[in-house]
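Below is one structure, written out as C-alpha cells; comments come after it.
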Amino acid sequence: MTVTIQIDGRPVQVPEGITVAAALVSTGQWAFRRHAVSNQPRGPFCGMGVCFECELTVDGRPEVRACLTVVREGIQIQTTPRASATGPDTPGGGHD
Amino acid sequence: MTDRYDVLVVGGGPAGLSAALTAAEAGLRVAIVDEHEQLGGQYFKRRHPALVARHGDYRAEGTRLIAAAHQAGTVCLTGHLVWGVDDDGTTLLVTGADGVPRRLSASYIVLATGAYERVLPFPGWHLPGVTTAGFALHLATMDRVPIGQRVLLAGSGPFLLPVACALVEVGAQVVAVVEANRPYLPRPGVAARAARHPARLRELAGYLLTLARHRVPVWQGTYVQAADGVDRVQRVTLAGRHSRTLEVDALAVGFGFRPSSELAGLLGCAVQPDPATGDIRPVVDEWGRSSRPDVYVVGEAAGVAGVHMARTRGEAAALDIAQRAGRPVSAARRRRVTARLRRLAAFAALTEVLYPLPLHLVAGVPDGTEVCRCEQVTAGEIRAAASFAGNGLNATKGLSRAGMGLCQGRECGTAVSCLVRTVNPHAPVETFSPRIPVRPVPATTVSALWGQPPVPEVLDVSVQAQVLNLFQDLRERLGLTILFIAHDLAVVRHLCDRVAVMRSGEIVEIADSDRLYEHPTHEYTRSLLAAVPIPDPTRGRAASRNHHTLQAGDG
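Respectively, the protein sequence lines represent chains S and X.
Per our numbering: the first sequence = residues 40 to 135.
Per our numbering: the second sequence = residues 7 to 561.
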C-alpha cells in the first residue's frame, strides 16, 4: 500500500507507514532545512529525536521532527524554512 | 494534579519493559512512561502495522515483551515526555500526548532512559547524508529504505557490523566498514576471554561472514579524517591503515553509546565519571539501586552493556523493589539473576577492551571543525574558551555556546568534554550539567504547570544587566533580530532600534527609538515616558508613585 504525500508541493508516492524522514531520503531529498544562522543545509542525523536536525514543516506546523513522524495520505511537507519576520502575527497578544 | 503509582518506570525499552513486567507480575501498581508513541525503545522499536503486513514483524521478542507488560496490568503512558523534576525532588514533570502537562510520582522510580549514540566530530560531519549508524539501521529495518546507494560505515564498536548487514539486506552497497580500533585480530589473552561467551561469538562471526559473502571489506585501524560535498556528502577521506578517498552518497558513523543520565542527575542520584570515555554514569548497586533508596537506574542508562544486560538489570531492580514492598521473591530467582548479571558484566568489560573510545581523534581535529552542530561552534573556539575558562566544562559552554543548542549538548558533549581536558589536562571528567527542561518543551507548558509566567519577572538588577548585555552580544555576533518585550523604557531605549508601544493588546505607536523617545506622538506614549523613574533622590518618590499608577491602570 502506498500513500501520496506532497514534498514542497510535489506529489510523491511512498509506502504507507514509513517516517517522513524515510520518505524524503527515499526520494533523494537530503537537505531538510537550513541552519538558522549560517543557512547551511542540514539533514536527518540521529534518527531518534535527539538532534533536532531533521525539523521541517508538516501541514503548516513548523519544527516537526521528520524522524518521529509517520507519513499520512495527503500531508504537506515543506523543507524550506519559514520566512523570517513575515509570519502571521497574532494581534492582541495580551501584553501591555 | 499528581498521579501516583507504586512503581514508575521511565523509558519503555528492553530494561524498562522487563522492570515493569516483573513489578506488575509481583502485584505492584506500575506505570511506564515513554516519549515515543510506541513502547519498545530503540532496540525493540516497532514497525508500523502497514510495514509489518508487508515485511513481517521486526524483533518479535519485543512484541511479546510489550504484550506481556500490557497483560500484567502495566499502565502505559506512551507519548509522554518526562522533562523535569518538581521542587520536592521526587515528582516528575511530564507532558502528555495531548500536550497537557502533568505530574507523576511513585514509591519507587525506575530510570530506564537508555543511551545516546556517540559520534566523534570530523570536518564535514554536519553535511546532509552524514548520519549516525543507528539512523541507517532504523531506515533499513523499520522503513525498509536504504540510506544511500554507496554507503560507508565508520566509527568503532560491534554495532557497526549488524548495521552493515542490514544495509546489505535492503540493497545498499556498503563500500567498507571502517573500524578505528583493531578488534578482529587474534590475540591470545582476549581470545580466551571471548571463548567464554560462545553465543556472542557466534553472533559476531555471523555478521562477519555475511559481510565477507557480500565482499564488504572491514578496514581496521582506520578512521574518517574528513567528509565533503556540495549540499550533501559526496567524498570521504580516510586516514590510518587504509587511508584513501572514496566517493559515497551516505556516511553512517557510530562510536558506541553513552548513558542518558540527565534524570538521574536531576533526581540527585550520585554519579561517577568514566575517564576512558568522559561519560558520567549513575552509581548503582547490583540491583540497580542508586544513592537514593527510592530511585533505581537500569539498562543502558546505568552503563552501556547491551540488550541482554538491559533486560536482566530491569528484572533485578523490579525483584528488589518487590521484595522491599513485601511481595514474595524466591531466593532461587534472585540467585539466577545475579549469576546472569555477572556473566553479562564480564562480556561488557571485554567489549570495552576491544573497542576503546579513540578520543585522540577528537584531540586532533583541526581548529576549523564545527564541533557543536546546533550553535556552530568550532574546535578552535572551544579550545580558546577552554583555555580562558580554566578547568570547567560548563564554563567553556557558557563562554563558547557549545552545547547550548536544541540537542542540549547530546551530540557534541563527549567531544567538548574531551577538548576541555586536552587544553586543561587536570580538568575533572564531567558532562554538561543537566537542566530543566531536559528536553525542549514549549514555554507555555512550563507556565501552565505552575500557573505563572514562564520568565521570572523579578530579577536582580545586576543579573538583568548581564542578560541585556548577552542579548546585545548575541545580536552582534549572530546578526539576530530580537523581539524584546518589556516595561522598563530606559532598558528598551538602550537595547532597541525600533519600538512599538502597546496598550491593551493594540499597537498605538511604532517608530525608530530616537524618534519615539524624542518626539512621541501618541498620548499614551507621552504618559509612559513621563512616568519613567528618574534616579534623583529628591524626585524619586513622586516619580515612583506616578509609575505605579500607570501600571495599575493600563497593565
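Positions of the beta carbon are idealized from the N, C-alpha and C atoms, including for glycine.
The DSSP-derived three-state label of Ala-75 of chain X is helix. Here Thr-531 of chain X has Val-507, Val-514, Glu-515, Leu-522 as same chain residues with Cβ atoms under 8 Å from its own Cβ, once five neighbours each way along the sequence are excluded. Per DSSP, Met-508 of chain X is one residue of the beta strand (DSSP E) stretching across 504–509. Here Val-110 of chain S carries a coil assignment [DSSP, helix/strand/coil].
Residue pairing for Pro-288 of chain X: DSSP places it in a beta bridge opposite X:Val-277. A Cβ of chain X is located within less than 8 Å of the beta carbon of Gln-79 of chain S. When DSSP reads this structure, Val-180 of chain X sits in a beta bridge with X:Val-157. Taken in chain order, the complete alpha helix (DSSP H) segments of 4 residues or longer contained in the region 47–117 of chain X are 55–61, 66–77. Segment contact: the region 350–364 of chain X against the region 385–392 of chain X, fewer than three CB-CB distances shorter than 8 Å; contact not assigned. Judged by their CB atoms, Ala-232 of chain X and Gly-154 of chain X are not nearer to each other than the 8 Å cut-off. Only residues of its own chain outside the window of five on either side were considered, and among them Cys-380, Pro-446 have a CB closer than 7 Å to the CB of Leu-412 of chain X, listed in chain order. The Cβ neighbour count for Gly-99 of chain S, taken over all protein chains shown within 10 Å, is under 16; the residue is labelled exposed. Between Tyr-523 of chain X and chain S, the shortest Cβ-Cβ separation is not below 8 Å. At a cut-off of 8 Å between beta-carbon atoms, Ile-153 of chain X makes contact with chain S.
Think of a sphere of 8 Å around the beta carbon of Ala-105 of chain S: no beta carbon from chain X falls inside it, the nearest being about 11 Å out. For Ala-103 of chain X, same chain residues with a beta-carbon under 6 Å away, outside a window of 5 residues either side, are Gly-85 in chain order. Between the region 154–166 of chain X and the region 284–291 of chain X there are fewer than three inter-stretch CB-CB distances shorter than 8 Å, so the stretches are not counted as touching. Taking the CA atoms as reference points, Phe-165 of chain X sits about 48 Å from Phe-490 of chain X. Counting other Cβ atoms within 10 Å of its Cβ, Ile-488 of chain X stays below 16 and is therefore classed as exposed. For Thr-119 of chain S, not one C-beta of chain X is nearer than 8 Å to its own C-beta. For Ala-233 of chain X, the enclosing beta strand (DSSP E) has its first and last residue at 228–234. Against chain X, the beta carbon of Val-76 of chain S has neighbours under 9 Å at Glu-381, Gln-382, Leu-484, Gly-485, Leu-486, listed in chain order.
With at least 16 other beta carbons inside 10 angstroms of its own, Asp-285 of chain X counts as buried.
Only those residues of the region 398–420 of chain X whose C-beta falls short of 7 Å from the nearest C-beta of chain S are listed: Leu-412, Cys-413, Arg-416, Glu-417. Under the 8 Å Cβ criterion, the region 43–57 of chain X counts as touching the region 136–148 of chain X, having at least three qualifying pairs. Each residue's CA atom was taken as its position, placing Leu-133 of chain X and Leu-367 of chain X some 19 Å apart. Rounded to whole angstroms, Val-42 of chain S and Tyr-64 of chain X show a C-alpha spacing of 22 Å.
Residue pairing by DSSP places Val-53 of chain S opposite S:Val-42 in a beta bridge.
Here the C-alpha atom of Asp-520 of chain X lies approximately 54 Å from the C-alpha atom of Val-277 of chain X. Bounds of the alpha helix (DSSP H) holding Arg-532 of chain X are 529–536. For Arg-241 of chain X, the secondary structure class from DSSP, reduced to helix, strand or coil, is strand. Shown here for Thr-318 of chain X: same chain residues with a beta carbon closer than 7 Å to its own, the five before and five after excluded, namely Val-343, Arg-346, Leu-347, Leu-350 in chain order. Put simply, the CB of Pro-83 of chain S is near chain X, with a gap under 8 Å to one of its CB atoms. Residue environment: Tyr-361 of chain X is assigned as buried (16 or more neighbouring CB atoms within 10 Å of its CB, all protein chains considered). The beta carbons of Val-180 of chain X and Leu-159 of chain X sit closer together than 8 Å. In this structure, the beta-carbon distance from Ala-75 of chain X to Leu-110 of chain X does not fall below 8 Å.
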